[in-house]
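S.K.: Chains as they are written, first to last, in this note's numbering: chain R, 1 to 113; chain C, 1001 to 1116. No residue lacks a Cβ here, since even glycine has one placed at the ideal position from N, Cα and C. This structure is a prediction, so every number in the text was calculated from the model and none was measured. Here you go, one structure.
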Amino acid sequence: GNSVTQMEGPVTLSEEAFLTINCTYTATGYPSLFWYVQYPGEGLQLLLKATKADDKGSNKGFEATYRKETTSFHLEKGSVQVSDSAVYFCALYSGGSNYKLTFGKGTLLTVNP
Amino acid sequence: NAGVTQTPKFRILKIGQSMTLQCAQDMNHNYMYWYRQDPGMGLKLIYYSVGAGITDKGEVPNGYNVSRSTTEDFPLRLELAAPSQTSVYFCASSYKTGGTSMETQYFGPGTRLLVL
């Protein structure tokens, strides 16, 4: 079956540091890949997505590239801010009528000033 | 637009009690979903609906029931609460017109449920 493996957290960085959160997946076919972010006390929000190999999703300074050869979709940001502190979820959708997303366990990021 | 709203925000139940978690969306989305999020885990799909009057099971439906009488509302019912149902519950919605692509799912703020 489908699965998503994320880098274990928590991750603690200082403001303006470089961020990488690793995500690898197992899926049949050609899944779509997503990063969702959950700020404290809120629901999940879509951060970025990529629907085919070599696509790069980007939003709010975050980027992730769909790498089919390594089955990865790592999240990066060049300079994090305190406001980026949140839980980040990698997810995939591999087709089917229920539009079910398969989520990773989430990575808690804390950015200190 | 309020987006996806959920009530209550937090609830404590005793074993064997029943309750309904409410979910509503005002975006005219046809697809709606219920997920649960256990500590340190990703979200798991409980039930979903592709339109009013149509519901189907997800990965972990046991112990839950849903109904979808209107486009806007998608309540989740727990009939006999058990400690294993202690979790955070998220409702989500999306708009799907056709094809096979996944549209963005919009999530509510969640309901935290504790069963003692």
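My assumption, with CB atoms under 8 Å, is that T65/R sits in contact with K56/R. Please give the rounded CB distance.
M.R.: Taking the first sequence and counting its residues from 1, one reaches residue 65/R at position 65. Taking the first sequence and counting its residues from 1, one reaches residue 56/R at position 56. About 5 Å separates the two Cβ atoms, so the contact holds.
S.K.: Given G9/R, which residues of its chain have a CB within under 6 Å of its CB, disregarding the five upstream and five downstream residues?
M.R.: On the first sequence, position 9 is the one that residue 9/R refers to. For G9/R, where only same-chain residues beyond five positions count, the Cβ hits under 6 Å are T107, L108.
S.K.: Between L1043/C and chain R, is any beta-carbon pair separated by less than 7 Å?
M.R.: As a working note, residue 1043/C is residue 43 in the second sequence. It does; some Cβ of chain R falls within 7 Å.
S.K.: Comparing alpha-carbon positions, which option in T110/R, V111/R, L92/R lies nearest T102/R?
M.R.: Counting from 1 along the first sequence, the entry for residue 102/R is found at position 102. Checked all of T110/R, V111/R, L92/R; the closest Cα to T102/R is L92/R.
S.K.: For a contact meaning CB atoms closer than 7 Å, what does K105/R contact in chain C?
M.R.: The residue you call residue 105/R lines up with position 105 of the first sequence. Simply G1040, M1041, G1042.
S.K.: Pull the bridge partners of M1027/C from the DSSP assignment, please.
M.R.: As a first step, residue 1027/C must be located in the second sequence, where it is residue number 27. In DSSP, M1027/C forms no bridge with anything.
S.K.: In angstroms, rounded to a whole number, what distance separates the CA positions of S79/R and S32/R?
M.R.: Start at 1 with the first residue of the first sequence, and residue 79/R comes out as number 79. Start at 1 with the first residue of the first sequence, and residue 32/R comes out as number 32. C-alpha separation (whole angstroms): 26 Å.
S.K.: Excluding the five sequence neighbours on either side, which residues of its own chain have a C-beta within less than 8 Å of the C-beta of D54/R, listed in chain order?
M.R.: Residue 54/R sits at position 54 when you count from the first residue of the first sequence. Excluding residues within five positions, the ones whose Cβ falls inside 8 Å are T65, Y66, R67, K68.
S.K.: Hey, how far is the Cα of A17/R from the Cα of S1018/C?
M.R.: Your numbering for residue 17/R matches position 17 in the first sequence. Your numbering for residue 1018/C matches position 18 in the second sequence. Going from the Cα of A17/R to the Cα of S1018/C covers about 48 Å.
S.K.: Any chance the stretch 11-31 of chain R sits against the stretch 74-90 of chain R, with 3 or more Cβ pairs inside 8 Å?
M.R.: Yes, the stretch 11-31 of chain R touches the stretch 74-90 of chain R.
S.K.: For N1062/C, which of Q1105/C, F1090/C, L1080/C, H1029/C has the nearest alpha-carbon?
M.R.: Walking along the second sequence from the start, residue 1062/C turns up at place 62. Cα-wise, what sits closest to N1062/C is L1080/C.
S.K.: Quick test of your reading: L1043/C and F1090/C, contact by CB under 8 Å. State the CB separation rounded to the nearest angstrom.
M.R.: Against the second sequence, residue 1043/C aligns to sequence position 43. Against the second sequence, residue 1090/C aligns to sequence position 90. Confirmed, Cβ separation roughly 6 Å.
S.K.: Any beta carbon of chain C sitting closer than 7 Å to that of K77/R?
M.R.: Taking the first residue of the first sequence as 1, we reach residue 77/R at position 77. No, its Cβ sits nowhere closer than 7 Å to a Cβ of chain C.
S.K.: Would you call the stretch 1103-1113 of chain C and the stretch 1016-1033 of chain C touching, i.e. three or more CB-CB distances under 8 Å?
M.R.: Short answer: they touch.
S.K.: Note down the Cα distance separating E1059/C from S3/R, rounded to an integer number of angstroms.
M.R.: For the purposes of this step, residue 1059/C is taken as residue 59 along the second sequence, with counting starting at 1. For the purposes of this step, residue 3/R is taken as residue 3 along the first sequence, with counting starting at 1. Spanning the two alpha carbons is a distance of roughly 13 Å.
S.K.: By alpha-carbon positions, which one of T1007/C, T1070/C, V1066/C, E1072/C ends up nearest to L1078/C?
M.R.: Mapped onto the second sequence, residue 1078/C falls at position 78. Of T1007/C, T1070/C, V1066/C, E1072/C, the residue nearest in Cα terms is V1066/C.
S.K.: According to a CB-to-CB cut-off of less than 8 Å, which residues of the stretch 42-68 of chain R neighbour chain C?
M.R.: Under the 8 Å Cβ criterion, the stretch 42-68 of chain R contributes E42, G43, L44, Q45, L46, K49, T51.
S.K.: Is S83/R helix, strand or coil by DSSP?
M.R.: Residue numbering aside, residue 83/R sits at position 83 when the first sequence is read from its first letter. Three-state DSSP puts S83/R in a helix.
S.K.: Need the endpoints of the beta strand (DSSP E) that R1068/C sits in, please.
M.R.: Counting from one through the second sequence, the residue named residue 1068/C turns up at place 68. Run containing R1068/C: none; DSSP gives neither H nor E here.
S.K.: Relative to the C-alpha of A27/R, which candidate in T110/R, F89/R, S72/R, P113/R has its C-alpha closest?
M.R.: Sequence index remark: in the first sequence, residue 27/R carries index 27 (1-based). A27/R has its Cα closest to that of S72/R, out of T110/R, F89/R, S72/R, P113/R.
S.K.: Looking at the structure shown, is Q1037/C part of a helix, part of a strand, or coil, going by DSSP?
M.R.: Position 37 of the second sequence holds residue 1037/C. Reduced to three states, the DSSP call for Q1037/C is strand.
S.K.: Measure the C-alpha to C-alpha separation of S1069/C and V11/R and round it to an integer number of angstroms.
M.R.: On the second sequence, position 69 is the one that residue 1069/C refers to. On the first sequence, position 11 is the one that residue 11/R refers to. Cα to Cα, S1069/C sits roughly 43 Å from V11/R.
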